[in-house]
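Participant: The structure under discussion is supplied below as structure tokens; questions concerning it will follow.
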Amino acid sequence: LDGAQASDWISALEAEFESLPNIRVMRRTTVFGVYDHGIYGAVEGVSDHLPEANGRVRQTLWRITAKRAVLAAGATERPIAFADNDRPGIMLAGAMRAYANRWAACPSETIAVFTNNDDGHRTARDLAAKDVKIAAVIDVRPDAKARGDY
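The sequence shown lines up with residues 139 to 288 when you count with our numbering.
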């Protein structure tokens, strides 16, 4: 990322991709199959996310043939397996951050964040900004560095 913030780097990369004539960025598209000879099946949401379609098709089915492709599948946050991990107040960090940022709600005045990536630190920073006391950030990565007080 050359020292840039991830969001700035992504914005610059998106702008570069969109300016190239041989690249088509398909944001509202789900690839459902990868087949021989570089063929992909995909469905693009055209108007299914809008309150009114106004005569537009809902979705377009694409058969894509590509010499090269970047398939960016994203990431999934996984819960930690331990006894009673379904009790009230125990939740995934992304959900807790969403509750705090969207609705100013938090399950406790004091929390601990367990993480194996930078996203847990973002959660701690966002919650601290909402006056939630951060008891601990437990980062299990072997090369994790202390991030300071939250």
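For each residue, glycine too, the CB sits at the ideal point set by N, CA and C.
Quick one: using the 10 Å Cβ neighbour count with 16 as the cut-off for buried, is D277 buried or exposed?
Facilitator: With 16 or more other Cβ atoms within 10 Å, it is buried.
Participant: Could you give the residue range of the alpha helix (DSSP H) that holds E152?
Facilitator: It spans A144 to S157 - the alpha helix (DSSP H) in which E152 sits, taken as one unbroken run.
Participant: Identify the continuous beta strand (DSSP E) that holds Y173 and give its terminal residues.
Facilitator: T167 to Y173 is the extent of the beta strand (DSSP E) around Y173.
Participant: Please name the residue in H175, G183, L151 and L158 whose C-alpha comes closest to that of R166.
Facilitator: Out of H175, G183, L151 and L158, G183 has the C-alpha closest to the C-alpha of R166.
Participant: Can you check which of these residues, L199, F170, G176 and R216, is closest to N254 by C-alpha distance?
Facilitator: N254 has its Cα closest to that of R216, out of L199, F170, G176 and R216.
Participant: Just checking, does the region 217-234 make contact with the region 184-195 on the three C-beta pairs under 8 Å criterion?
Facilitator: Too few Cβ pairs lie closer than 8 Å, so no.
Participant: Three-state secondary structure (DSSP) at L188?
Facilitator: L188: coil per DSSP, three-state reduction.
Participant: In the DSSP assignment, what are the bridge partners of A180?
Facilitator: V169 and W200.
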